[in-house]
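Engineer:
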Amino acid sequence: MKTETNQIFHEPVLLNEVVECLQVSDDKWYIDATAGGGGHTKGILNKGGKVLCIDRDLEAVAYLKEKFKQEIATGKVIIRQMNFNQIKDCVSQAGIAKIYGIIFDLGLSTYQIKKSTRGFSFNNDAMLDMRMSQEEKLTAKEIINNYSQNDLYEIFRKFGEENLAREIAYAIYRARSVKPIEKTGQLKQIVESIYKKAKVHTKINPATKVFQALRIEVNRELENLQIGINQAMDILIPGGRCAVISFHSLEDRIVKQFFNETVENKTGKIIYKRPLRASKLELRENPSSRSAKLRIIEKL
């Protein structure tokens, strides 16, 4: 991909903390389970590690293959276009015997937010797609126009923790009976009108939680996260570490609960009692890191 894409594809969050916590060593294999623009991969390579890059997004995979073509040629990087819920199969297919560390950087890449035409952001008026993998069939457009009013309510309430979920679901139901809701701008306008009518003011855009909920439903994000981190602990060597960066409470709750269960089962040790957060310097340089939480567990 070209220079513009290279500049904004990915701004790795908590990069130094991740590399330090994974205890990267020369010629040991690590997994970047959400490789995106390769920010964390580059950090691991700089410390002498080797990286198996996994991403479900075809655009990200194409970018990674170009970015790391030299490292691929020398056997330091392997790239696979897969969902991280297949991480165990991915390692087996790559023929890697020992995995020393894994990083999951959840959520959207900068490229998906700013430049993608798949409707991840309400700031760009694009088709309501939201698929992280273009090979998947279900789109946000199909959900908005075909799911029942009650199903929409449940999605917004459960995956968006949206207080006006019922009102928004009803407004969508009425609007789509007049004409299909196909673009992000239409949906954003509907949600904003409900907030205005309810006289509710928020620091974030009113559409934020609805868009989050739709993205989670389209990509089965929470389900895949549970599968992925379970498999990650299976494939790590004893002493290997799994690091997870989450960006909202639903993700963090799953990670925290799984890590606690792992400790109770005496198969893991939590490295930091509280999640690591971005420094003041990183917050200034990369405002999107403000909601990031990094949790690390070591396999026993």
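Just so we're aligned: 312 in our numbering is position 71 of the sequence shown, and the numbers increase by one with no gaps anywhere.
Glycine is no exception: its CB is placed at the ideal position from the N, C-alpha and C atoms.
Every value quoted in this text rests on a predicted model; they were computed, and no experiment measured them.
Measuring only the C-alpha atoms, how far is Asn460 from Met371?
Structural biologist: On the sequence shown, position 219 is the one that residue 460 refers to. On the sequence shown, position 130 is the one that residue 371 refers to. Taking the straight line from one Cα to the other gives about 8 Å.
Engineer: Given a cut-off of 7 Å on the beta-carbon distance, is the pair Cys331 and Ile295 in contact?
Structural biologist: Here residue 331 is taken as the residue at index 90 of the sequence shown, counted from 1. Here residue 295 is taken as the residue at index 54 of the sequence shown, counted from 1. In contact: Cys331 and Ile295 (Cβ atoms closer than 7 Å).
Engineer: Among Asn324, Lys510, Lys534, Glu377, whose alpha-carbon lies nearest the alpha-carbon of Asp493?
Structural biologist: Position 252 of the sequence shown, counting from 1, holds the residue named residue 493. Out of Asn324, Lys510, Lys534, Glu377, Lys534 has the C-alpha closest to the C-alpha of Asp493.
Engineer: Could you tell me which residues DSSP puts in a beta bridge with Gly342?
Structural biologist: Stepping through the sequence shown from its first residue, residue 342 is reached at position 101. Bridge partners of Gly342: Tyr271, Arg482.
Engineer: Val292 lies in the beta strand (DSSP E); which residues open and close that run?
Structural biologist: In the sequence shown, counting from the first residue as 1, residue 292 sits at position 51. Here the beta strand (DSSP E) through Val292 covers 291–296.
Engineer: Count the other C-beta atoms from every protein chain shown that fall within 10 angstroms of the C-beta of Pro528, then say buried if there are 16 or more, exposed otherwise.
Structural biologist: Counting from one through the sequence shown, the residue named residue 528 turns up at place 287. Flag for Pro528 reads exposed.
Engineer: How many Å lie between Arg211 and Met368 at the Cα?
Structural biologist: Past the boundaries of the shown model lies residue 211; the chain is included only from 242 to 541, so the question cannot be answered.
Engineer: How long is the line joining the alpha carbons of Glu523 and Val419, rounded to whole angstroms?
Structural biologist: In the sequence shown, residue 523 corresponds to position 282, counting from 1. In the sequence shown, residue 419 corresponds to position 178, counting from 1. If I take the Cα positions, the gap works out to 46 Å.
Engineer: Flag this pair as yes or no: are the beta carbons of Ile343 and His281 separated by less than 7 Å?
Structural biologist: The residue labelled residue 343 in the question sits at position 102 within the sequence shown. The residue labelled residue 281 in the question sits at position 40 within the sequence shown. It is not a contact, given that the beta carbons lie outside the stated cut-off.
Engineer: Tell me whether Lys291 is buried or exposed, calling it buried when 16 or more other Cβ atoms sit within 10 Å of its Cβ.
Structural biologist: Numbered from its first residue, the sequence shown carries residue 291 at position 50. With 16 or more other Cβ atoms within 10 Å, it is buried.
Engineer: Quick check on the DSSP output: what are the complete alpha helix (DSSP H) runs of length 4 or more inside the region 425–491, in order along the chain?
Structural biologist: Runs of the alpha helix (DSSP H) inside the region 425–491: 425–439, 449–460, 462–476.
Engineer: Cα separation between Ile431 and Ile409?
Structural biologist: The sequence position of residue 431 within the sequence shown is 190, counting from 1. The sequence position of residue 409 within the sequence shown is 168, counting from 1. Cα-Cα distance, rounded: 8 Å.
Engineer: Once the 5 residues before and after Leu299 are set aside, which same chain residues still bring their CB inside 6 Å of it?
Structural biologist: As a working note, residue 299 is residue 58 in the sequence shown. Taken in chain order, the residues that qualify are Gln375.
Engineer: Could you tell me the alpha carbon to alpha carbon distance between Ala314 and Ala276, rounded to whole angstroms?
Structural biologist: Numbered from its first residue, the sequence shown carries residue 314 at position 73. Numbered from its first residue, the sequence shown carries residue 276 at position 35. Straight-line Cα distance between these residues: approximately 18 Å.
Engineer: How about Glu539 and Arg482: do their beta carbons lie closer than 7 Å?
Structural biologist: Here residue 539 refers to the residue found at position 298 of the sequence shown. Here residue 482 refers to the residue found at position 241 of the sequence shown. Taking 7 Å as the Cβ cut-off, Glu539 and Arg482 qualify as a contacting pair.
Engineer: Which whole-angstrom value describes the C-beta separation of Ile319 and Leu347, a residue pair presumed to lie in contact below a C-beta threshold of 8 Å?
Structural biologist: Position 78 of the sequence shown, counted from the start, is the residue given in the question as residue 319. Position 106 of the sequence shown, counted from the start, is the residue given in the question as residue 347. Between Leu347 and Ile319 the Cβ distance is about 22 Å, and since that is not below 8 Å, they are no contact.
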